[in-house]
Every structure is written in structure tokens, then in C-alpha cells.
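See below for the structure under consideration.
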RNA sequence: UCCCCGAUAGCUCAAUCGGUAGAGCGAGCGGCUGUUAACCGCUAGGUCGUAGGUUCGAGUCCUACUCGGGGAGCCA
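Numbering (this note's numbering), first residue to last: 7 to 508.
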């Protein structure tokens, strides 16, 4: 029945031909003599022109009263026209309404985030989530392609697990037929087993963290890709990581430039992301944090914030003054929505101004041995225009499985990759401890039950080799690429602390 | 877990000193228009988050609770 449906994205190949499209009303501008219906079909938008003289009178009247998100098929001639979205339009000769939509809750005006999340099942149809979803698809595809093309074997690691990969405290516990089990926090430990079988492996799936974190950078369920490689050292891992990240960004830039533009992403800065990335040891990073340069940077930033605040306040005052004058209603609307945005901006600037001295203090008082805090990472990433690897963290601050450095026993061979412009950590990785004795000592030190880790220790007993890997968070990467402030927009149905909506 | 902010029409927001509840969008009806966040006119739409308190009088002040937003810590 629908075999003759043409996708809107393919209209460019059907100019002057008669086609049928199927989709949903995105926008309607009905008139006495001509109706403009913008229709979306998942592949794009198309403006459909319905002239009163071209269709039966009853159909014209029905189409004139069609509201947002009504579903229908439309038949007509494709015309190239610069006045239409996408450059093509359909001169309609016939249409069939499938399901008229009444009182669709999402309107073209702005909505609050709570409302949109409650209506997430419908919000997915809107432009922003649609663009992000398309980019996510490319990103996921590119991730698989990179590893598949570089000799990695996909291994699906379990979601129910008996042991913790990261530190406890962020585990979701489940009742597994009366036995305690957890949802996976990482596929790494299982992946290491597979790496010793295949050499180069990766896993890609959902990951669960029960962290009580209500921030724009946290989900309780997120997707992570984790490669694991044998016969490698830390510099080798960094090389894979920077090639990997550069590859996926290149693919997104190639495939989704239009979506990135719609979302207002910083394309120019993404185009700069090419190997090599910056490399800092933890010790160098801590020196930067406590340096005068960092303090000067923060002071300059504070001044920028204050200037921006002043400018924003001036803009608000000017708009408020204009709004009180005798002006057209549409201008008043525009001012009102601009004012809302400006006030949000002002609030964010206030937060930044408030946090800046705290961050300066944290940075200045940074002591070797602590883990890098969020603000420290942000500061370092802001001071660089490309991603930064921070390596060799203090052993005490890091997970038990990370390999002790041969030259400096106080540090481990690990790395975090910080995205530029303050987006923070998107990759964490390390060489794994391959010495049976050292790993055992760490397990004992952490007071973990040895019997739970015997299988993991076995990997160091039977043909242990140097190996390592890393994990990349899909939603955080997507937030970075798209310029989305909040990670919750980067997955179709976000799971957040204390909130499962559907 | 801690700190800050908020809750008014379906949605986004106003409401001055504590004194009769207002717009726009969306919805419905009509008009007009190669329109494009179209425009113009009319109509409907409210127990001001919940429960107390202060007051002649509370959307506005106070207390508690619920829900939401932002930030800190922690992390991908």
C-alpha cells in the first residue's frame, strides 16, 4: 500500500515528477485561497502548497483545519523553490488524512525542560531531539566502524554482574533469584578476559551508575564503548584514543553538518580536532593548577564574566524599556522571549562569577595526591583548544586494577581525556596491572573478597601480558559535539537520579 | 548528602506598597495573505503546588511539606 511513498530527503531527485509523501504536519499556515503545510517525515521537512483550485473543496477545508502532528499522505508535483524549507516543495493535487491530531501539547513556542521530559515520547519528533538523534546514530556507527576496521572483535559483556568494576557506592543492586547482583558499571573486567583471547576487543552497551549526582553531566544509565588491547603500552593507548576521537568527529562532520548547524554547534572548533592531542602528566597538570598562569587565567575569566554580566543587564534594561513603549505585539513577544533567555544567561553568569573564586582557591590549594576535581578539569580543558590527555595519576586516588608505573611507583599508567572548552572528561582509561602479586596486594588493600576476583587474578596467572584500554561515554561525547548543555538531551529516554519517566 | 532558586490558564511568562487574576502562544470560529515563529478580529480557558499561620484583606508575608531547576562532591 505504501510502496510508492517518496522520502522528503529524495525529493531533489524527483523535480517536476508527481510523487506521494507520507508524514506529519509540522507547521500549518491555512489561508482562504492557499494553504501552506510544512510536513515532516523523519527524513526532512517539505512545504506543501495546497491551492484551492487544485483540490476538491471538501479536502481543502479539511486540510485547512488540520492541526500539528496530524498524519497524512500528500500527492503532488515536486518543484524547486528557494522560498521553501529544504529548497523543494510539493504542489498538492491530492491528500489523504490518516489521523487528525487534536491538541498536540508541544507548540512552536518555548517550553520548560520538565514539561518536555514529561512529553519526551512526543518531544522526540521536534527538531532539536531529531537532530541530536541523527548525530547520535552517526556517532554510534562511527564508533563501531573505527574498531571493526582496526582489528577489534566485538564482545558483548554482561549487564548482570557479581562484582564491582569501579568503587562501590554507585552500584545498582538487583535481586537475582534471591542472590545479590549488580547492574554493570563497566565491561572492563570481562573484556580483559576476552582481550586475552582475541587480542583486540571492544564492548559497547549500556552502563549503570547509582551516583547521587543531579548535574548536567550525569545519567544513571548511559552508553559506553570500551576497547581493550593486548601487547600495548600507555603511549600506544593514547594514540588509539586520539585517532579514535578524531575519526568519530570527522564522520559526524561529514554526515551531519546540517544538523550541527541547526543545533548551533561550534563546527570550527570541531574541525581542529586532529591528532596529536595535548599530553600532560598529572604532576604537570597540578603545576599548571597552582601556577600564576592559572590564577591569571581565572582572573581574566572573572573579568569576562563581569563584563558579560554588565552587557546582559544593559540588554535587559534596553529591552524592558522598549517593551513599555508603544510597539507592535509581535515585537513584544519577541522581546519577552529574548528577556527569558537573557535572564537565564544572567543567572548562569552569576553562578560562574560565584564559582570562579572557589575554583581559583581549589586550584591554588591543589595538593599532589588528590584526584582532579571537576573544576580543575574544566580549568585545564579551558586553557587548551584541543583535547588534553592527563596521565600518571597518584596510585592512591585510582582504581585497584590500574598498572603501577615502573619509573614512579607512586603513580599509575592511566589517562583521562578532557574535551576542550570546558566540556570535561569524556574518556578514562589505563594500562591494567599485569603482575599477579601487585594486583593481589591491591585487592587485599581495598578489602575486596579475594574469592570474587579469583577469575580476574587468573588472567595474571596464565600468560599475563601488558594490556590496557579505555571507556568513552557516548552521551558526554554527543553533548560536546552538539554543544548541548545537558547530557539528558543526548539519549532518547534519559534515566536520571530519582527519575524514570517512561 | 549539602547550598541556592522556583511553582499563577494546556504551554511560556506578567501582576508595582498586601487591595477586583493578565498577555502571548496553543485550541475553536471567521477574515486576509507565496506564507515561512505569518498577520487581523472574536470565543473558550484559573480552588495562584499542598497544608497551616499573620492580616479587615494574601498570588504577594511567615512555617512545614511535595515537586521541579541550578550548583558542589563523585564520575563517562
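Just so it is clear, CB atoms sit at the ideal spot from N, CA and C, and this is done for glycine as well.
- With a 10 Å radius around the Cβ and a threshold of 16 neighbouring Cβ atoms, residue 311 comes out buried.
- Annotation: the continuous beta strand (DSSP E) that includes residue 227 extends over 227 to 236.
- DSSP, reduced to helix, strand and coil, places residue 444 within a helical segment of the structure shown.
- Nearest C-alpha to residue 420 among 434, 429, 214, 428: 434.
- Along the length of the segment 15 to 58, whole beta strand (DSSP E) runs at least 3 residues long occupy 24 to 35, 40 to 46, 51 to 57, reported in chain order.
- Within the model, the alpha-carbon separation for residue 203 versus residue 461 is close to 15 Å.
- In the displayed model, residue 353 falls within a helix according to three-state DSSP.
- Between the alpha carbons of residue 235 and residue 193 lies a distance of about 14 Å.
- Taking residue 113 as the centre and dropping the five residues before and after it, the same chain places the C-beta of 74 closer than 8 Å to its C-beta, in chain order.
- Residue 475 and residue 465 have their alpha carbons spaced roughly 15 Å apart.
- The segment 122 to 138 makes no contact with the segment 467 to 474; the number of CB pairs closer than 8 Å stays below 3.
- In this structure residue 79 is not in contact with residue 24, their Cβ atoms being roughly 13 Å apart against a cut-off of 8 Å.
- Inter-residue distance for residue 35 and residue 69 is about 10 Å (C-alpha atoms, whole angstroms).
- The beta carbon of residue 182 sits closer than 7 Å to the beta carbons of 166 from its chain, once the five residues preceding and following it are set aside; these are given in chain order.
- As the crow flies, the alpha-carbon of residue 358 is around 45 Å from that of residue 458.
- Setting aside the 5 residues that flank it on each side, residue 390 is surrounded in the same chain by 284, 426, each with a C-beta closer than 7 Å to its C-beta; the list follows chain order.
- Counting only residues of its own chain and dropping the five nearest sequence neighbours on each side, residue 315 has a CB closer than 6 Å to the CB of 355.
- For residue 484, the enclosing alpha helix (DSSP H) has its first and last residue at 480 to 488.
- In this structure, the straight-line span from the alpha carbon of residue 323 to that of residue 344 is close to 12 Å.
- In this structure, DSSP gives residue 76 a state outside helix and strand, which the three-state scheme calls coil.
- When secondary structure is reduced to three states using DSSP, residue 460 falls in the helix class.
- Look at residue 188 here: in three-state DSSP terms it is strand.
- In this structure, the CA atom of residue 450 is about 29 Å from the CA atom of residue 161.
- When the alpha-carbon of residue 432 is set against those of 456, 317, 375, 387, the nearest one is in 387.
- Closest option to residue 437, judged by alpha-carbon separation, among 251, 423, 410: 410.
- Under the three-state reduction of DSSP output, residue 113 falls in the coil class, being neither helix nor strand.
- Distance from the CA atom of residue 101 to the CA atom of residue 149, rounded to whole angstroms, is 42 Å.
- In its chain, beyond the 5 residues on either side, 44, 51, 53 have a beta carbon closer than 7 Å to the beta carbon of residue 91.
- Look at residue 419 here: in three-state DSSP terms it is coil, with no helix or strand label.
- Going by C-alpha positions, residue 26 is about 41 Å away from residue 225.
- Selection 196, 416, 347 evaluated against residue 403 yields 416 as nearest (Cα-Cα).
- The beta carbon of residue 30 lies closer than 6 Å to those of 46, 75, 77 in the same chain, with the five residues before and after it left out.
- About 6 Å separates the beta carbon of residue 233 from that of residue 153, a gap short enough to meet the 8 Å contact definition.
- When the beta-carbon positions are compared, residue 138 and residue 384 stay at least 8 Å from each other.
- With a cutoff of 8 Å on beta-carbon distance, residue 229 and residue 481 are scored as near each other.
- In the DSSP assignment, residue 433 is bridged to 423, 478.
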